[in-house]
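Structure first, commentary second.
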DNA sequence: AATAAAAAACAGACTGACCTGTTTTTATTT
DNA sequence: AAATAAAAACAGGTCAGTCTGTTTTTTATT
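Residue numbers (my numbering), protein chains in the order written: chain A, 822 to 1050; chain B, 822 to 1050.
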């Protein structure tokens, strides 16, 4: 019906016109409401009327912007990705991550992304994608669109000579963070996650030191210039 | 109404009577059907009529054994835990795990438990528990009932002098496996999990060697008697 | 042991509520 | 005036829980 969700949702809201701005604002409100609802009631109980009500708009307005529920869900994930981006920019700016110690970045990732309730929403979407193949394809597309940038950031962060091992390390950390998110959700009131995070940092520091070319034991915590050149 | 689910589901089906056996069989069929359905259509689309239909029983029979949907879900998790137990027994018997190398156990855990589609079902239940507090309490109770045995097994497996660090290591591995399960579900057709598993084994071996008292580099892969005594 | 009473297992239908997607109407912008 | 945005009502379908009735098994009684 309308253009794809991404076209409008991610388009920088420049001076395109009044209705475009109104439209973008409405989409944002709906996505925010949907995300809140998803966090609060869970994927299973999430309904389109409820999203509209929370956004304070009619169902008609909603269906105009998001024709189907799947469209709405894709919109939510795009919105989330946007939030993550903004959080990263707020923490590190657009700067090269070569100067950021691994533990600093990891703590940021847990605190601002994986440890937040909204990440559970993302997980629920991913699990829902398992059975709804069409939705899954669209969600994967959203996440794939940032995988390139993410790899680049990790490249700056770790700078393993062996890129294959670097990727392994990256995915391992990702799996760990996701697992921690689940643990935090299910066994709440449990401080084991903090300990696990610290333990992984400890291990990671050693691993990074081992993988890097001129390795000293604590090389990862004090970063130096990106490339000696 | 009837006794708790566990009483009947886990009670050894000895000569208690014809009715008890029939009941246990029916519960088993329903739980198996519910698990299958959960794996196939996902938590969101799981319905009670659909479970009954798959089990080939009437809805009346179903509601007799599981009055509410939540009862049914608790039953599924109990059933799953039972399956995991059986898989472990089939692989290692009831024997002490002190002789089992870590990598063997970890590979088993991935192959027979976390890497299976049914583990996603368990994850979906855990995520559903986030919003349904009452269900969550019951599910946690089911899983808590095995946490003692699990800790014992890991104690045999790892034998860290520092139990605190051992627990850390255990939870770290658990988080990793859960994260891998999600990755396998969402990004299927991806062999990165195997690599991550191997990488973790490699790291773990070193960690185990470091934590153990008389440590040689490869001490973890060739296990020796539980306690020198 | 035989029979009557009670309890448990099973079957099928019903209901009130709610959800998704669609269609029809009204308002706002260009 | 034309097109887009928003509102409101509608239609078809489904689900969870409940209820009534039937069959099978167990227990109590004589």
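Using N, Cα and C, we set each Cβ at its ideal position, and we do this for glycine too.
Predicted model only: the values in this text are computed from it and were never measured.
Measure the alpha-carbon distance for residue i versus residue j and round it to whole angstroms.
i: residue 908 of chain A; j: residue 982 of chain B; result: 41 Å
i: residue 868 of chain B; j: residue 925 of chain A; result: 45 Å
i: residue 857 of chain A; j: residue 885 of chain A; result: 20 Å
i: residue 910 of chain A; j: residue 967 of chain B; result: 43 Å
i: residue 972 of chain B; j: residue 988 of chain B; result: 8 Å
i: residue 1029 of chain B; j: residue 923 of chain B; result: 9 Å
i: residue 901 of chain B; j: residue 914 of chain B; result: 18 Å
i: residue 942 of chain A; j: residue 991 of chain A; result: 22 Å
i: residue 829 of chain B; j: residue 947 of chain B; result: For residue 829 of chain B, the predicted structure reports a pLDDT of 34, less than 50, and the residue's modelled location is therefore unreliable. A value from the coordinates is still provided. One C-alpha to the other measures close to 23 Å.
i: residue 1025 of chain A; j: residue 1021 of chain B; result: 12 Å
i: residue 928 of chain A; j: residue 1017 of chain A; result: 12 Å
i: residue 841 of chain B; j: residue 975 of chain B; result: 36 Å
i: residue 978 of chain B; j: residue 936 of chain B; result: 21 Å
i: residue 916 of chain A; j: residue 1027 of chain A; result: 25 Å
i: residue 945 of chain B; j: residue 961 of chain B; result: 13 Å
i: residue 864 of chain A; j: residue 845 of chain B; result: 33 Å
i: residue 950 of chain A; j: residue 1008 of chain B; result: 10 Å
i: residue 912 of chain A; j: residue 918 of chain A; result: 11 Å
i: residue 839 of chain B; j: residue 970 of chain B; result: 32 Å
i: residue 843 of chain B; j: residue 889 of chain B; result: 20 Å
i: residue 862 of chain A; j: residue 1011 of chain A; result: 22 Å
i: residue 1019 of chain B; j: residue 866 of chain A; result: 39 Å
i: residue 965 of chain B; j: residue 882 of chain B; result: 29 Å
i: residue 980 of chain B; j: residue 993 of chain A; result: 24 Å
Excluding the 5 residues preceding and the 5 following residue i in the sequence, name in chain order all residues of the same chain whose CB lies nearer than 7 Å to its CB.
i: residue 887 of chain B; result: 851, 893 and 896
i: residue 1014 of chain A; result: 1001, 1004 and 1005
i: residue 905 of chain A; result: 934
i: residue 939 of chain B; result: 856, 860 and 901
i: residue 1031 of chain B; result: none
i: residue 875 of chain B; result: 854, 857 and 858
Helix, strand or coil, according to DSSP, for residue i in the structure here?
i: residue 869 of chain A; result: helix
i: residue 938 of chain B; result: helix
i: residue 954 of chain B; result: helix
i: residue 890 of chain B; result: helix
i: residue 1008 of chain A; result: coil
i: residue 990 of chain A; result: helix
i: residue 1027 of chain A; result: helix
i: residue 980 of chain B; result: coil
i: residue 916 of chain B; result: coil
i: residue 1032 of chain A; result: helix
i: residue 969 of chain A; result: helix
i: residue 878 of chain A; result: coil
i: residue 838 of chain B; result: coil
i: residue 921 of chain A; result: coil
My understanding is that residue i touches residue j, with C-beta atoms under 8 Å, so please give their C-beta distance in whole angstroms.
i: residue 931 of chain B; j: residue 998 of chain B; result: 6 Å
Determine the chain A residues that contact residue i at a beta-carbon separation under 7 Å, and present them in chain order.
i: residue 941 of chain B; result: 948 and 951
i: residue 785 of chain B; result: Any property of residue 785 of chain B remains undetermined from this structure, which presents chain B solely from 822 to 1050.
i: residue 1001 of chain B; result: 996
i: residue 944 of chain B; result: 948 and 1003
i: residue 1013 of chain B; result: 992
Could you tell me which chain A residues have their CB closer than 8 Å to the CB of residue i, listed as they occur along the chain?
i: residue 993 of chain B; result: 997, 1017, 1020 and 1021
i: residue 1024 of chain B; result: 1024 and 1028
Under 8 Å Cβ to Cβ from residue i, same chain only, skipping five residues before and after it: list those, please.
i: residue 878 of chain B; result: 847, 850 and 851
i: residue 891 of chain A; result: 953, 955, 956 and 959
i: residue 880 of chain A; result: 869, 870 and 873
i: residue 1034 of chain A; result: 982
i: residue 986 of chain A; result: 1032
i: residue 984 of chain A; result: 976
Along chain B, which residues have their Cβ under 9 Å away from the Cβ of residue i?
i: residue 984 of chain A; result: Residues of chain B passing the Cβ test: none, with the nearest at roughly 13 Å.
Can you pull the chain A neighbours of residue i, defined as C-beta to C-beta under 9 Å?
i: residue 1006 of chain B; result: 947, 948, 950 and 951
i: residue 989 of chain B; result: 1013, 1016, 1017, 1019 and 1020
Any heavy atom of the ligand PLP closer than 7 Å to the beta-carbon of residue i?
i: residue 995 of chain A; result: Annotation note on the ligand PLP: not contained in the displayed structure, which lists no ligands.
So, for residue i: in the same chain, excluding its five sequence neighbours on each side, which residues have a beta-carbon less than 6 Å away from its beta-carbon?
i: residue 963 of chain B; result: 898 and 899
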